[in-house]
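A.B. asks:
Residue numbers (our numbering): 256 to 394.
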């Protein structure tokens, strides 16, 4: 399993907005976080649709956060950029079991456990925690 580059962009955009604490132009974000402007705009549109950021029009326009960084989790962002994600098809809403034994399959419960731990980790990790962690590593 590999997360898409859009997820990486979304996290970087939100982290930068959280650090600036102001309306920030797409050009500035693009330059500072190293995302091509076209990709930044596409990702920002997804984040706007999910009400994680808002857009501001005009000469001094740009983007800002709609929520506090401590209230935005990595899971929130993943839901926007990745959609529902499961590590195996047997963990999806409509389970598919390749061994035709979903109830007794020895790997099914293992995958469920891994899925729960992964989701919990993403849900417990907020943008603020990432920012705080990056401050510690640069001190």
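Don't be surprised by glycine CBs; every beta carbon is placed ideally from N, CA and C.
#1: Would you mind giving the Cβ-Cβ distance between residue 301 and residue 336, rounded to the nearest angstrom? I have them listed as a contact below 8 Å.
#2: Could you give the residue range of the beta strand (DSSP E) that holds residue 320?
#3: Using 10 angstroms around the beta-carbon of residue 361, count the other beta-carbons present and answer buried if the total reaches 16, otherwise exposed.
#4: Terminal residues of the continuous beta strand (DSSP E) containing residue 261?
#5: According to DSSP, simplified to helix, strand and coil, what is residue 310?
#6: Report the option in 325, 366, 364, 365 whose CA atom is closest to the CA atom of residue 378.
#7: Restricting to Cα atoms, I'd like to know which of 309, 269, 373 is closest to residue 257.
#8: Could you tell me how far apart the beta carbons of residue 369 and residue 342 are, in whole angstroms, since I believe they sit closer than 8 Å?
#9: Would you decide whether residue 259 is buried or exposed? Buried here means 16 or more other CB atoms lie within 10 Å of its CB.
C.D. replies: To lay it out plainly:
#1: 6 Å
#2: 317 to 320
#3: exposed
#4: Here residue 261 belongs to no beta strand (DSSP E); instead the alpha helix (DSSP H) covers 260 to 275.
#5: strand
#6: 325
#7: 373
#8: 6 Å
#9: exposed
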